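A short write-up of the structure that comes next.
2 protein chains.
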Amino acid sequence: MTNSTSLISEQSGTEARRTAISILRQRFGDRLQTGEAVRRQHAHTLTWLANQPPDAVVWVDTTEEVREIVNVASTYSVPIIPFGAGTSLEGHTNAPEGGISIDFSRMNKVLQVNERDLDCVVEAGVSRKALNDHVKDMGLFFSVDPGAEDATLGGMAATRASGTNAVKYGTMRENVLSLKAVMADGSVVTTASRARKSSAGYDLTKLLVGSEGTLGIITEVTVRLNGIPEQILAAVCTFDSTEAACNTVIQSIQLGLGVARMELLDELMIRGINAYSKMTLEEKPTLFLEFHGTTVSARDQVEQFEAIATSEGARGFVWAEKEEDRRRLWKARHDVYWATKALRPGTEALATDVCVPISRLAECLIATQNDIKELGIISPIAGHVGDGNFHCQPLIDMGSPQEIEAAKVFLSRLADRAIAMAGTCTGEHGVGQGKIKYLRAEHGAGVDVMRLIKGVLDPKNILNPGKVLPAGA
Amino acid sequence: MTNSTSLISEQSGTEARRTAISILRQRFGDRLQTGEAVRRQHAHTLTWLANQPPDAVVWVDTTEEVREIVNVASTYSVPIIPFGAGTSLEGHTNAPEGGISIDFSRMNKVLQVNERDLDCVVEAGVSRKALNDHVKDMGLFFSVDPGAEDATLGGMAATRASGTNAVKYGTMRENVLSLKAVMADGSVVTTASRARKSSAGYDLTKLLVGSEGTLGIITEVTVRLNGIPEQILAAVCTFDSTEAACNTVIQSIQLGLGVARMELLDELMIRGINAYSKMTLEEKPTLFLEFHGTTVSARDQVEQFEAIATSEGARGFVWAEKEEDRRRLWKARHDVYWATKALRPGTEALATDVCVPISRLAECLIATQNDIKELGIISPIAGHVGDGNFHCQPLIDMGSPQEIEAAKVFLSRLADRAIAMAGTCTGEHGVGQGKIKYLRAEHGAGVDVMRLIKGVLDPKNILNPGKVLPAGA
Chain A
2 MTNSTSLISE QSGTEARRTA ISILRQRFGD RLQTGEAVRR QHAHTLTWLA
52 NQPPDAVVWV DTTEEVREIV NVASTYSVPI IPFGAGTSLE GHTNAPEGGI
102 SIDFSRMNKV LQVNERDLDC VVEAGVSRKA LNDHVKDMGL FFSVDPGAED
152 ATLGGMAATR ASGTNAVKYG TMRENVLSLK AVMADGSVVT TASRARKSSA
202 GYDLTKLLVG SEGTLGIITE VTVRLNGIPE QILAAVCTFD STEAACNTVI
252 QSIQLGLGVA RMELLDELMI RGINAYSKMT LEEKPTLFLE FHGTTVSARD
302 QVEQFEAIAT SEGARGFVWA EKEEDRRRLW KARHDVYWAT KALRPGTEAL
352 ATDVCVPISR LAECLIATQN DIKELGIISP IAGHVGDGNF HCQPLIDMGS
402 PQEIEAAKVF LSRLADRAIA MAGTCTGEHG VGQGKIKYLR AEHGAGVDVM
452 RLIKGVLDPK NILNPGKVLP AGA
Chain B
2 MTNSTSLISE QSGTEARRTA ISILRQRFGD RLQTGEAVRR QHAHTLTWLA
52 NQPPDAVVWV DTTEEVREIV NVASTYSVPI IPFGAGTSLE GHTNAPEGGI
102 SIDFSRMNKV LQVNERDLDC VVEAGVSRKA LNDHVKDMGL FFSVDPGAED
152 ATLGGMAATR ASGTNAVKYG TMRENVLSLK AVMADGSVVT TASRARKSSA
202 GYDLTKLLVG SEGTLGIITE VTVRLNGIPE QILAAVCTFD STEAACNTVI
252 QSIQLGLGVA RMELLDELMI RGINAYSKMT LEEKPTLFLE FHGTTVSARD
302 QVEQFEAIAT SEGARGFVWA EKEEDRRRLW KARHDVYWAT KALRPGTEAL
352 ATDVCVPISR LAECLIATQN DIKELGIISP IAGHVGDGNF HCQPLIDMGS
402 PQEIEAAKVF LSRLADRAIA MAGTCTGEHG VGQGKIKYLR AEHGAGVDVM
452 RLIKGVLDPK NILNPGKVLP AGA
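Chains as they are written, first to last, in my numbering: chain A, 2 to 474; chain B, 2 to 474.
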């Protein structure tokens with residue numbers, strides 16, 4: 002392509018976007034906004050990825066409205082970027098080619114709760130906290146808990162989110178039963194029934210979960226719920242080594258204890274927590290645990306776990322039963338993001354994650370800590386250790402090109418190492434823009450299959466372009 | 002298309018198949034067979050679907066050989082039908098357009114067992130019994146248990162099989178971590194790493210699981226394993242009504258007991274079992290149960306379950322701990338297929354399945370029993386009741402067109418009713434040829450999405466044509 006044709010196509014692209022937006026403004030009135038602050042807000046990122054704002058933001062109320070927007074966008078080949086709560090970490094909501102951000106915050110209705118089936122149907126903009134508030138009095142809860150931020154169910158489905166208790170209850174992959182989505186051709190698809198299992202045709206639910214808005218725009222989500230356990234017990238214990246902590250977790254999984262949460266925090270993270278939360282934990286690899294069950298089975302889990310941990314040299318095993326005690330015990334884990342930032346005020350905490358088979362986890366964590374030392378960066382580690390999934394949060398002075406460069410080397414080694422260890426470049430954050438460069442190394446010829454699917458389902462490439470798949474052949 | 006062009010294309014199709022087979026015969030020698038008995042054996046069905054044999058059967062040893070066959074088949078546009086153990090129930094292995102059946106029975110090696118990760122990698126022709134024999138001494142087991150027949154892992158992945166303990170351990174959808182598959186263009190794809198979770202790109206694993214050989218040919222399967230529970234307890238109890246049995250199951254799920262198996266057998270099935278297994282069970286809806294856990298937690302489950310069941314009027318609650326006692330107690334459940342046939346010797350037992358949300362299960366079962374009475378057929382019912390999935394086995398005199406017609410009406414009402422109740426036309430058997438006609442009713446516009454995916458991944462329609470998707474637009 003020569004520069005002049007490129008310029009023409011860019012100009013005509015700008016023109017087309019302008020036309021599409023003026024059509025949509027007539028239709029949506031004040032629910033379409035083009036102010037810079039609003040646009041930048043809808044493209045914020047929590048990494049060094051540049052903020053790439055859309056041309057306009059539309060607040061939608063119904064699936065039918067999404068369909069209307071898709072039809073206009075398709076006619077003018079204008080990108081659409083779905084926006085939930087904007088808590089994703091890899092540039093998912095950026096608009097590198099401009100276009101229209103669809104904000105789902107008004108689609109926040111819980112449509113059905115089927116108590117006897119332990120499922121519910123919600124609009125894509127319902128947040129997980131709102132859903133849990135809604136079902137709590139029925140003795141139910143929604144298990145997927147990606148952390149500090151209150152993400153929407155639509156966004157969580159789109160990024161295949163998980164979190165602290167995925168080891169027992171599964172990720173969005175296991176918890177989404179069905180989706181309603183608007184496809185690039187304007188058709189509205191319901192991907193599955195509410196049946197717990199089905200062998201009827203291709204699994205469109207799982208294809209859309211984790212597709213990050215690039216194959217279809219999720220407007221409704223049907224998810225599993227669980228009964229709130231009769232008994233919840235929390236515990237913390239300290240190990241002399243990362244291996245000992247990992248061995249404990251592996252043995253408890255082999256025994257089928259079904260521990261609900263197993264979180265590993267490294268020495269540096271504990272130092273941060275001690276400073277931030279005014280605690281006096283020993284600065285050693287530490288497991289934060291939660292056990293769910295009946296009164297009898299939860300206590301049985303604790304006893305069995307404690308026996309395994311003790312044989313691996315665990316110390317300071319404390320556990321809590323009452324809700325306020327559990328909260329206090331786990332507060333340190335929940336405050337990890339803020340504790341991390343407090344380790345080095347004025348810097349950005351760049352969250353990244355990888356996931357490896359649990360047999361390689363200790364080795365991977367130690368190699369990562371060695372990298373951190375070698376590169377001279379500060380990066381505490383916290384992991385959903387039962388899944389082999391862990392997070393690093395390099396604290397970077399964004400004014401220092403050297404530090405940014407060191408962090409880039411670090412992240413790149415981290416992802417390469419995870420892939421080399423039969424793992425994945427992201428366990429739960431998604432690809433977005435930030436991890437596109439690792440996709441070929443991880444999936445090989447699978448990337449071509451993904452590209453064929455993307456090409457046939459979105460031939461004009463209007464659905465969240467520039468995400469997930471590497472450009473070009 | 003006129004008759005003459007159709008005839009010409011049929012002739013050239015026959016010619017092309019002949020050429021492809023002669024090329025493959027040169028390559029595979031005696032491992033390619035064209036005898037009628039062998040060909041018919043590879044297309045056997047357990048329904049009234051006609052036997053439609055392939056033109057040839059090739060026994061493969063490696064993924065590379067599968068790739069060679071695909072390349073030849075692609076060149077000559079010849080259909081390929083993957084064949085595992087031939088235990089599928091909806092005509093999956095039929096060759097309606099002729100072509101080459103690929104027999105995986107020689108690809109029966111367990112390639113890796115990763116004890117600490119609780120996973121393993123096997124060739125597609127490994128059977129679930131062979132896998133369990135292989136890992137038993139390591140204290141591990143593979144959980145998916147589709148029933149009497151010993152299916153291969155490749156076939157089970159292809160049909161998204163499940164079975165009696167899916168309610169606790171999941172179906173093939175949850176248990177397959179990764180697949181190696183040969184695509185229609187001859188590329189070899191590994192769909193995922195061994196990481197327990199990933200957000201890196203589209204979920205090709207789940208897309209291939211349940212695609213019945215129509216999107217790619219599965220040659221290796223990576224599945225989860227579980228530690229053999231410390232304690233397994235079995236139990237049986239009798240209810241006055243289907244509702245009471247279903248209510249018991251629903252409450253135990255809401256309480257999160259994690260019962261491993263919950264099987265409901267109806268009155269007629271119990272009658273058959275009494276006759277076949279010389280037992281004296283009360284002819285009432287009956288639950289067969291299995292509890293897995295630590296010594297403490299398995300007993301706790303039994304006690305909690307018994308309390309719920311008793312409050313729903315359960316009688317004759319007997320439980321067994323020793324393996325031989327458990328086997329005796331469950332023998333009746335395992336002999337269901339033979340007991341059913343013994344109810345009416347000389348007839349065929351046509352297995353079918355549907356799945357509904359559990360809240361609708363009792364209603365669906367009762368409506369089904371009413372249908373059975375009204376149509377004057379004999380059809381016992383057994384269900385994986387924890388999932389809302391149940392099986393009917395109409396016993397049909399295949400010499401009687403009237404009976405076949407009545408059975409067709411029955412099956413069609415059964416599938417339509419399940420779909421109308423927010424369920425699915427098949428919970429675990431798959432679509433094959435037999436359930437294609439229900440796909441549009443169940444998936445609506447989703448069928449068009451499936452068709453686009455099929456079209457782009459297999460443009461010449463050589464992968465198991467005539468399965469899953471309805472023909473035409």
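Yeah, the Cβ is synthetic: ideal placement off N, Cα and C, and Gly gets one too.
Since the structure is predicted, the reported quantities are computational estimates derived from the model, not experimental observations.
Looking only at its chain, what residues have a beta carbon closer than 7 Å to the beta carbon of residue i, apart from the 5 residues adjacent to it on each side?
i, result
"B/N4", "For B/N4, the predicted structure reports a pLDDT of 48, less than 50, and the residue's modelled location is therefore unreliable. A value from the coordinates is still provided. So the list is empty, once near-sequence residues are dropped."
"B/S199", "A193"
"A/M184", "V190, G217 and L458"
"B/D62", "R107 and M108"
"B/Y439", "A416, I420 and C426"
"A/V39", "V58"
"B/L376", "A407, V410 and F411"
"A/A310", "C238, T249 and F318"
Who are the Cβ neighbours of residue i in its own chain at under 6 Å, not counting the five residues just before and after it?
i, result
"B/V210", "A158, R161, M173, R174 and V177"
"B/M2", "Only weak support exists for where B/M2 lies, its pLDDT of 40 falling under 50; the value from the coordinates is given anyway. There are no such residues."
"A/I271", "L282, E284 and T287"
"B/Y170", "S144"
What is the residue span of the alpha helix (DSSP H) that residue i lies within?
i, result
"A/D388", "Element bounds for A/D388: n/a, residue is neither H nor E."
"A/G456", "G447 to L458"
"A/C426", "Element bounds for A/C426: n/a, residue is neither H nor E."
"B/Q232", "Counting along the chain, B/Q232 falls outside any alpha helix (DSSP H), though it belongs to the beta strand (DSSP E) covering Q232 to T239."
"B/R262", "Segment R262 to L266 is the beta strand (DSSP E) holding B/R262; no alpha helix (DSSP H) there."
"B/G148", "It is not in any alpha helix (DSSP H) - B/G148 carries neither H nor E in the DSSP assignment."
"B/V67", "T64 to T76"
Which whole-angstrom value describes the C-beta separation of residue i and residue j, a residue pair presumed to lie in contact below a C-beta threshold of 8 Å?
i, j, result
"A/V168", "A/D354", "The pair is not a contact, with the Cβ atoms about 15 Å apart (cut-off 8 Å)."
"A/I58", "A/Q34", "In the sequence as displayed, the identity of residue 58 of chain A is Val instead of Ile. Their Cβ separation, rounded to whole angstroms, is 5 Å, which keeps A/V58 and A/Q34 in contact under 8 Å."
"B/S298", "A/D301", "5 Å"
"A/P54", "A/A86", "About 17 Å; that fails the 8 Å criterion."
"A/R262", "A/T165", "5 Å"
"B/V469", "A/G202", "6 Å"
"A/E264", "A/F289", "4 Å"
"A/G435", "A/G92", "6 Å"
"A/A333", "A/S278", "5 Å"
Which residue's Cα is closest to the Cα of residue i: the options?
i, options, result
"A/V73", "A/S23, A/R107, A/M280 and A/V237", "A/S23"
"B/G273", "B/P346, B/R26, B/T20 and B/M263", "B/P346"
"B/V224", "B/L362, B/K181, B/Q232 and B/M399", "B/K181"
"A/T64", "A/I359, A/I103, A/R452 and A/H93", "A/I103"
"A/A44", "A/T20, A/A17, A/R19 and A/L90", "A/L90"
"A/L119", "B/L132, B/K374, B/E406 and B/R361", "B/R361"
"A/I251", "B/S128, B/E116 and B/A352", "B/E116"
"A/G140", "A/V114, A/A196 and A/S242", "A/V114"
Tell me which residues share the same chain as residue i and place their Cβ nearer than 8 Å to its Cβ, disregarding the 5 neighbours each side in the sequence.
i, result
"B/I463", "V71, A74, S75, S78, V79, P80, I81, G100 and A185"
"A/G187", "R68, V71, N72 and S75"
"B/E443", "I420, T425 and C426"
"B/E364", "M422"
The beta strand (DSSP E) spanning residue i covers which residue range?
i, result
"A/Q113", "V111 to N115"
"B/P402", "That residue, B/P402, is in no beta strand (DSSP E); its alpha helix (DSSP H) goes P402 to A421."
"B/D120", "D120 to E124"
"B/V59", "A57 to W60"
"B/D326", "Per DSSP, B/D326 belongs to no beta strand (DSSP E); it is in the alpha helix (DSSP H), E324 to H335."
query: Three or more C-beta pairs closer than 8 Å, one from the region 227-238 of chain B and one from the region 305-318 of chain B: is that the case here?
result: The region 227-238 of chain B vs the region 305-318 of chain B: in contact.
task: Decide if the region 411-431 of chain B is in contact with the region 423-439 of chain A; the criterion is three or more beta carbon pairs, one per stretch, under 8 Å apart.
output: Contact between the region 411-431 of chain B and the region 423-439 of chain A is absent: fewer than 3 CB-CB pairs across the two stretches fall below 8 Å.
task: Count the CB pairs spanning the region 377-387 of chain B and the region 330-349 of chain B that are closer than 8 Å, and state whether there are at least three.
output: By the Cβ test, the region 377-387 of chain B is in contact with the region 330-349 of chain B, since at least three Cβ pairs between them sit closer than 8 Å.
message: Between the region 253-260 of chain A and the region 143-155 of chain A, can you find at least three pairs of beta-carbon atoms closer than 8 Å?
response: They do not touch, by the three-pair rule.
task: Tell me, please, whether the region 217-232 of chain A touches the region 123-134 of chain A by the rule of three or more beta-carbon pairs shorter than 8 Å.
output: Yes, the region 217-232 of chain A is in contact with the region 123-134 of chain A.
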